[in-house]
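Mapping the sequence shown onto the working numbering, position 2 (from 1) lands on 47, and the numbers just tick up by one. Report on one structure; see the data block that follows.
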Amino acid sequence: MGAVAKFSGMHSLKGVEQAQVDMRIDEKKKTQDWLEISNDRKTVFFDKVQLTRFLTGSLFGHPKHSDSLTHHLVLGVVEELGNEVIAQFDMPEDVSEMLNACGLMKW
């Protein structure tokens with residue numbers, strides 16, 4: 046992230062500290078999630094369920110068709126000094142390679 050993520054006061058089921066992440070998937074309403082923080086607090090981690098949510102906009106399941114995939118993902122994490130670090134991910138036009146690499150190929 047290039048910054049030190051602020052601990053949100055939440056812990057994962059594994060007992061790892063988490064940072065609150067604001068996210069906007071495409072033009073949908075902004076939502077929040079909590080991602081685990083590394084020991085030096087410079088990295089946040091997500092699991093396969095969260096990756097699926099980032100790529101499809103839904104919490105569970107595979108995409109029904111390629112146009113249901115996320116086109117833009119914006120994540121914001123508050124750093125220790127109070128500023129927010131924003132990262133934007135623009136997905137590729139040809140999604141087949143991404144779907145295969147992320148284990149989201151249709152049935």
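Idealized CB from N, CA, C, for every residue including glycine.
Once DSSP output is grouped into helix, strand and coil, what is the label at F91?
Position 46 of the sequence shown holds residue 91. It is coil, neither helix nor strand.
In whole angstroms, what separates the C-alpha of R69 from that of L96?
Against the sequence shown, residue 69 aligns to sequence position 24. Against the sequence shown, residue 96 aligns to sequence position 51. Approximately 14 Å between the Cα atoms of the pair.
Could you tell me whether the Cβ atoms of K51 and E129 are closer together than 7 Å?
Position 6 of the sequence shown, counted from the first residue, corresponds to residue 51. Position 84 of the sequence shown, counted from the first residue, corresponds to residue 129. No, the Cβ-Cβ distance between K51 and E129 is not below 7 Å.
Closest to E138 by CA distance: which of A132, G47 and H116 is it?
Within the sequence shown, residue 138 is the residue found at index 93, counting from 1. That would be H116, whose Cα lies nearest to the Cα of E138.
Indicate whether V89 and A48 have their beta-carbon atoms separated by less than 7 Å.
As a working note, residue 89 is residue 44 in the sequence shown. As a working note, residue 48 is residue 3 in the sequence shown. No. Outside cutoff.
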